[in-house]
Structures are given as structure tokens and as C-alpha cells.
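Heads up: the structure comes next, in C-alpha cells.
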Amino acid sequence: MIGITGSNGKTTTTTLVHHILQNASIPTILAGNVGTPLISCVEGMKSDTITVAELSSFQLEFTEKFRPDIGLFLNLTPDHLDRHKNMEAYAGAKARIFENQTELDAAVLNADDPPTVLYAPQKPQVFWFSRKQKVEQGACLRGDDIVVVHHAKEEFVMKRVEIPLAGAHNVENVLAAVTAARLAGVDTATVAQAVRSFAGVEHRLEFVAEIAGVRYFNDSKATNVDATLKALDSFPGRILIILGGKDKGSDYSVLQKPLREKAILALLIGAAAEKIEKQIAGSVAIERAATLDRAVDLAAHAARPGDIVVLAPACASFDQFQNYEQRGRVFKELVHQLDAHSTQHSSEKE
Numbered sequence: 044m045i046g047i048t049g050s051n052g053k054t055t056t057t058t059l060v061h062h063i064l065q066n067a068s069i070p071t072i073l074a075g076n077v078g079t080p081l082i083s084c085v086e087g088m089k090s091d092t093i094t095v096a097e098l099s100s101f102q103l104e105f106t107e108k109f110r111p112d113i114g115l116f117l118n119l120t121p122d123h124l125d126r127h128k129n130m131e132a133y134a135g136a137k138a139r140i141f142e143n144q145t146e147l148d149a150a151v152l153n154a155d156d157p158p159t160v161l162y163a164p165q166k167p168q169v170f171w172f173s174r175k176q177k178v179e180q181g182a183c184l185r186g187d188d189i190v191v192v193h194h195a196k197e198e199f200v201m202k203r204v205e206i207p208l209a210g211a212h213n214v215e216n217v218l219a220a221v222t223a224a225r226l227a228g229v230d231t232a233t234v235a236q237a238v239r240s241f242a243g244v245e246h247r248l249e250f251v252a253e254i255a256g257v258r259y260f261n262d263s264k265a266t267n268v269d270a271t272l273k274a275l276d277s278f279p280g281r282i283l284i285i286l287g288g289k290d291k292g293s294d295y296s297v298l299q300k301p302l303r304e305k306a307i308l309a310l311l312i313g314a315a316a317e318k319i320e321k322q323i324a325g326s327v328a329i330e331r332a333a334t335l336d337r338a339v340d341l342a343a344h345a346a347r348p349g350d351i352v353v354l355a356p357a358c359a360s361f362d363q364f365q366n367y368e369q370r371g372r373v374f375k376e377l378v379h380q381l382d383a384h385s386t387q388h389s390s391e392k393e
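With the numbering used here applied, the sequence shown covers 44 to 393.
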């Protein structure tokens, strides 16, 4: 059992680990918070099967005997404070991933994330991943090379530029996945080949279309402020961003600086729109769109060639949608409708 938790990057890392194991021809099951309940997979688990489980704080909060052979804690930023009330309770729920591990197990943590480092456990063997510093054991960057370090020996895995996913946060996700895969016994050549062929996860900085020189990205999985910060960091500038949904007790004021530096327009939707507007006022032009369809329409009219339109809401979706997946698919449908209309308009001109 490989269990993966953290505030952000869970789905990408979990899916990538599963993809690497599949490429290594290891029988594997993908389950948990990624969409398939873990309990429904029990009958399919054999002695040679590796189960890769995405684990939310909600799922870990009341665990009693759950024990992953390899447990990953990716990062820790404010989220779900409407449920957990404070960061200590939220972090404590996440840290339960290590609660029942023994000396035979492995714990993998982000050496670059100070809040996560505090939760390094005592019993299991501890491995680290880092894009900023060398680690004693785990995976890190050495210049532009991704290397695995174990027993003071370094193994080259691949070049950083070979990672097919955008953003520094995805370098961290890859380093975490590489660590888990090597601990599961996958050789470095297979790991590298699998990472190169990984197409990413739906609703996570997913490219949708380019229309009249404007690129549209679906990051509906950005359901908290830190994920939205990572989305803004993934593009050089000229961003029109769609924000809003159901508030989770978040502080949106931390978005002010990157919005000022990177964005040209914030389009606000959903129940949290008023709170977000108050907390980001003065950093970027703001348009209260109310609904996603109107936000896409306004963005299409405001954007110019070279601009980026991204749905990165920083909120849950439950005020207007069943879940973030439905929100993301509706966004993609709206963009494709724009694309079809643009194509039809161009052919009529000809």
C-alpha cells in the first residue's frame, strides 16, 4: 500500500505513481480520494498487488488501524478550515498517515515545506524529496538532473526539462512520485520513461484550447488558495483568472501580490465572490460574473492574443456544481463552444 496525502498535488502524484507502476508491469490499483473508494477494491488486492491511494484529511481523520507501507506527505497549506476549524487539527488529520507505521515502513516528506517537516515521524524510515537542497535519502535536483539518493549513492533518473507538466510544483510532485516508485522497486530507467509519457490529470492545469491566440486552461482542481498561487506561478503573465465558489474559510488576501504581477483581470463567480473581491481589491481589475458561463464569455471578450484564461477558483464547487470535476467539464464545454463559434465565424468571413 502506497498512501499519499497533502494539501495540494495529491491527485497528480497518486496518478503518476500508479502510471509508473503500470509501466513497470506491476499489478496496481488506483483508489481513495481520486475517485474509487478504497474499500471497494479489497477483493482485487492480491499478494503481488500494489495499491496506490490518495488520502484526504477527511479520510485520515478517523482512521484507527490504517497503515501504508509507503506514506507520502506532500505539503501543508491552509485548507478545509470550515471543517477542521484550525491548522493544528487539519495538520494532525493529515499526519495520521504515519500513525501506525513501523520500522519496516517508509515515510516520504517534502524537505522544502517547513510545516510538513515538523510532522516527520519517529518509527518508519524517513525519505525526503526536494527541488532546493540535497537530501540524505530520497529524491532531489542536482543542477538540472533529477537524482535518487540512497545509502550515500546517487542515481541519475532524468533531466528536469523532460518533465511534461508545467510549474515548479509539478517538479515536486515528480520528485515525490520518483521516491515512492524507487521504494516500490521500480528501476530508474522505467521511472524516467513513465514520467516522460505522463499526460497529467484532468482538471489540473489542463490545456483546453487556443482560440484567436488566447490559451484556455482548466485548473478546477485548484480548490484552495495555495493551488491557485501555483497556477498563477505557472504562467509568465497576462492572465485572466476565474475565481470563486464555496468558501472554505480561506484567506484570499495572499493572492494580491501575484495577481498584481501576473493578472490583468479577475472574474468572480459563486458564493465567495463578495469575500474574494474585498480581499483582493486594488490588486487587479475585477469583474463580478456570478456564473461560470458568463465568466467565460467576459474573458473571451476581454482577452487579446497571447493572453491566458485560467479557471483556478481557490474554492470548493458545491455552491453551483456537484464537484470540481463537473465544474471543470462545464468550463471545457463552454470553451469548446467558443471555439466552434469562432471557427464558424471565420468560415463565414471566408
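C-beta: ideal position from N, C-alpha, C; glycine also.
What is the DSSP secondary structure of residue i, reduced to helix, strand or coil?
i           : result
residue 130 : helix
residue 84  : helix
residue 244 : coil
residue 224 : helix
residue 208 : coil
residue 374 : helix
residue 119 : coil
residue 147 : coil
residue 51  : coil
residue 107 : coil
residue 308 : strand
residue 135 : helix
residue 291 : coil
residue 359 : strand
residue 317 : helix
residue 368 : helix
What is the C-beta distance between residue i and residue j, in whole angstroms, given that I count them as a contact (C-beta under 8 Å)?
i           : j           : result
residue 347 : residue 326 : With a Cβ gap of about 20 Å, residue 347 and residue 326 do not count as contacting.
residue 191 : residue 200 : 6 Å
residue 174 : residue 211 : 7 Å
residue 245 : residue 371 : 7 Å
residue 282 : residue 353 : 6 Å
residue 113 : residue 227 : 7 Å
residue 182 : residue 229 : That pair is no contact at about 12 Å.
Using a Cβ-Cβ cut-off of 7 Å (strictly less than) and excluding sequence neighbours within five positions of residue i, which residues of its own chain qualify?
i           : result
residue 235 : 200, 201
residue 206 : 213, 214, 217, 238
residue 65  : 71
residue 313 : 287, 288, 289, 358, 362, 363
residue 367 : 246, 263, 264, 266, 360
residue 336 : 377
In chain order, what residues of the same chain lie with their CB nearer than 8 Å to the CB of residue i, ignoring the 5 residues before and after it?
i           : result
residue 185 : 177, 197
residue 116 : 48, 49, 137, 138, 140, 141, 150, 151, 152, 153, 159, 162
From the DSSP output, which residues share a beta bridge with residue i?
i           : result
residue 188 : 185, 202
residue 261 : 249, 354
residue 193 : 196
residue 95  : 45, 73
residue 168 : 149
residue 256 : DSSP, once it has assigned bridges, lists no residue as partnering residue 256.
residue 67  : None, per the DSSP bridge assignment.
residue 175 : Looking at the DSSP assignment, residue 175 forms no beta bridge with any residue, so it has no partner.
residue 323 : Residue 323 pairs with nothing; no bridge assigned.
residue 283 : 308, 352
residue 337 : Answer is none; residue 337 lacks a bridge partner.
residue 113 : 45, 149
Return the chain-ordered list of same chain residues with a C-beta closer than 6 Å to the C-beta of residue i, the five sequence neighbours on each side being excluded.
i           : result
residue 57  : 47, 77, 95, 97
residue 137 : 48, 100
residue 309 : 284, 286, 327, 329
residue 55  : 216, 244, 247
residue 44  : 94, 111, 112
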